[in-house]
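**Q**
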Amino acid sequence: MFAWVVVLAVSAALALQAAQCYKPVIVVHGLFDSPGDFKMLQGFVNETHPGTNVTVIDLFDHTQSLKSLWSQVDGFKEAIYPIMQNAADGVHMICYSQGGLVCRGILSTLPDHNVDTLISLSSPQLGQYGDTNYLKWLFPHYVKSKLYHFCYTQIGQHVSICNYWNDPHHHDLYLNNSDYLAFLNSERENPNATAWRKNFLRIKKLVLIGGPDDGVITPWQSSHFGFYNENETVMDMRQQLVYIKDTFGLKSLDARGAISIFKVSNVHHTKWHSNRTVFDNCIIKWLT
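Just so we're aligned: the sequence shown equals residues -21 to -1, 1 to 267 in mature numbering (1 follows the signal peptide of the UniProt record, and there is no 0).
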């Protein structure tokens, strides 16, 4: 009997020690999502790394996710900061779709964040320009070539998707009117650019995940910091002006070998966080 008690005690101690070795994981959802959509992802983490503290932030759920991204940054930051403060060894962030842009806003404006790895899961990091089902539902009277008439207005910039609408045929309007993405990228004059760049570069690793069968992120290469030029030819990350000028730290991260890019086929946009192959091949290795 005593021997079994010792075995159980040792097993419990080892399990506790293993759990303490894993950094907390913070998940930020995307457009129209809620924490309930990420139960499979939480299950994957708990199965492979038992005891890991996984928190899917319960804010801006469903239609509330249409609120401006700066308001979401403020709300998510308030909820996330205490988790960071209680994690002496740092945290990891998995940021899905629109949430990837929210996370960048958080990390750029938080000077003492302790994010080890930022995992961007099918996020339109350089913007969105495409006629998707989401767009047709939100803006039934517009097509992609006309949406700039609404998005690049003060009213439009109160809607989240307009904060990262990047029309390659109206680049000047994007630069002059985008209150979020152009500002975050320091494509638009930003008095905080140096500080924000320094804050963002506190991360140790940036993981970019996306693929050609996504069906929502347009172009899908935006998930890898690629985007259209004025002829709608996709230019990759290293051809982008924000990379070449290193406006927010992307080139610096690349120079230190801190960017890992995963291209995965046959995954639709809504399935990234529940696809076991994506988790096993692209995510789990970073959740140390």
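For each residue, glycine too, the CB sits at the ideal point set by N, CA and C.
Please list, in chain order, all residues of the same chain as Phe241 whose beta carbon is under 6 Å from its beta carbon, the five residues on each side excluded.
**A** Against the sequence shown, residue 241 aligns to sequence position 262. So the qualifying residues of the chain are Ile188 and Cys261.
**Q** Could you name the residues that DSSP lists as bridge partners for Thr34?
**A** The residue labelled residue 34 in the question sits at position 55 within the sequence shown. Thr34 is bridged to Ile5.
**Q** Quick one: what does DSSP say Phe206 is sitting in, helix, strand or coil?
**A** Here residue 206 refers to the residue found at position 227 of the sequence shown. Reduced to three states, the DSSP call for Phe206 is strand.
**Q** Between the Cα of Gly106 and those of Thr96, Gly78 and Asp12, spot the shortest distance and give me the residue it belongs to.
**A** The residue labelled residue 106 in the question sits at position 127 within the sequence shown. If we check each option's Cα against that of Gly106, Gly78 comes out closest.
**Q** Hey, out of Ser13, Val257, Tyr60 and Val33, whose CA is closest to Gln21's CA?
**A** The sequence position of residue 21 within the sequence shown is 42, counting from 1. The shortest C-alpha separation from Gln21 is found at Val33.
**Q** With a threshold of 16 other CB atoms inside 10 Å of the CB of Asn142, please say whether the residue is buried or exposed.
**A** Mapped onto the sequence shown, residue 142 falls at position 163. Result: buried.
**Q** By Cβ distance, which residues of its chain are closer than 7 Å to Glu211, with the 5 residues on each side in sequence left out?
**A** What you label residue 211 is simply residue 232 of the sequence shown in a count that begins at 1. Answer for Glu211: Pro147, listed in chain order.
**Q** Would you report the Cα separation of Gly135 and Lys123, rounded to the nearest angstrom?
**A** Taking the first residue of the sequence shown as 1, we reach residue 135 at position 156. Taking the first residue of the sequence shown as 1, we reach residue 123 at position 144. So the alpha carbons of these two residues sit roughly 14 Å apart.
**Q** On the three-state DSSP scale, how would you describe Asp192?
**A** For this step, residue 192 is matched to residue 213 along the sequence shown. Asp192 falls in the coil class under three-state DSSP.
**Q** Just to confirm, is the Cβ distance from His252 to Asp192 under 9 Å?
**A** Against the sequence shown, residue 252 aligns to sequence position 273. Against the sequence shown, residue 192 aligns to sequence position 213. Result no, Cβ atoms of His252 and Asp192 do not sit closer than 9 Å.
**Q** Can you tell me where the alpha helix (DSSP H) holding Val81 begins and where it ends?
**A** What you label residue 81 is simply residue 102 of the sequence shown in a count that begins at 1. Run containing Val81: Gln77 to Thr88, per the alpha helix (DSSP H) assignment.
**Q** On the DSSP bridge assignment, give the partners of Cys74 in chain order.
**A** For the purposes of this step, residue 74 is taken as residue 95 along the sequence shown, with counting starting at 1. Looking at the DSSP assignment, Cys74 forms a beta bridge with Val7 and Ser99.
**Q** In chain order, which alpha helix (DSSP H) runs of at least 4 residues are fully inside the region 209 to 249?
**A** 220 to 223 and 229 to 234, all fully within the region 209 to 249.
**Q** Buried or exposed: which applies to Ile140, given that a residue is buried once 16 or more other Cβ atoms fall within 10 Å of its Cβ?
**A** For the purposes of this step, residue 140 is taken as residue 161 along the sequence shown, with counting starting at 1. With 16 or more other Cβ atoms within 10 Å, it is buried.
**Q** Any idea if Glu168 is buried or exposed, counting beta-carbon neighbours within 10 angstroms, 16 or more meaning buried?
**A** Translated into positions along the sequence shown, residue 168 becomes position 189. Glu168 should be labelled exposed.
**Q** What are the partner residues of Val138, as DSSP defines its beta bridges?
**A** Counting from one through the sequence shown, the residue named residue 138 turns up at place 159. Answer is Lys46, bridged to Val138.
**Q** With 16 other CB atoms within 10 Å as the buried threshold, where does Asn208 fall?
**A** Counted from its first residue, the sequence shown places residue 208 at position 229. The residue in question, Asn208, is exposed, as its Cβ has fewer than 16 Cβ neighbours within 10 Å.
**Q** Ordered along the chain, which non-local residues of its own chain (more than five positions away) have a Cβ less than 7 Å from that of Phe162?
**A** On the sequence shown, residue 162 is found 183 positions in, with the first residue counted as 1. Once the five neighbours on either side are set aside, the close Cβ partners of Phe162 are Asn169.
**Q** For Val6 versus Ser101, is the C-beta spacing smaller than 9 Å?
**A** Residue mapping note: residue 6 aligns to position 27 of the sequence shown, counting from 1. Residue mapping note: residue 101 aligns to position 122 of the sequence shown, counting from 1. No, Cβ-Cβ distance for Val6 and Ser101 is not below 9 Å.
**Q** Using a threshold of 9 Å, state whether the C-beta atoms of Leu86 and Lys184 are closer than that.
**A** The sequence position of residue 86 within the sequence shown is 107, counting from 1. The sequence position of residue 184 within the sequence shown is 205, counting from 1. Taking 9 Å as the Cβ cut-off, Leu86 and Lys184 do not qualify as a contacting pair.
**Q** Just the Cα atoms here: how many angstroms apart are residue 268 and Asn171?
**A** Nothing can be reported for residue 268, as the shown portion of the chain is limited to -21 through 267.
**Q** Could you check whether Thr249 and Asp110 sit closer than 9 Å to each other, using their CB atoms as the reference points?
**A** In the sequence shown, the residue the question calls residue 110 occupies position 131. In the sequence shown, the residue the question calls residue 249 occupies position 270. No, these two residues do not count as a Cβ contact at 9 Å.
**Q** Assuming Lys56 and Leu89 make a contact with CB atoms under 8 Å, what is their CB distance in whole Å?
**A** Here residue 56 is taken as the residue at index 77 of the sequence shown, counted from 1. Here residue 89 is taken as the residue at index 110 of the sequence shown, counted from 1. About 6 Å; that satisfies the 8 Å criterion.
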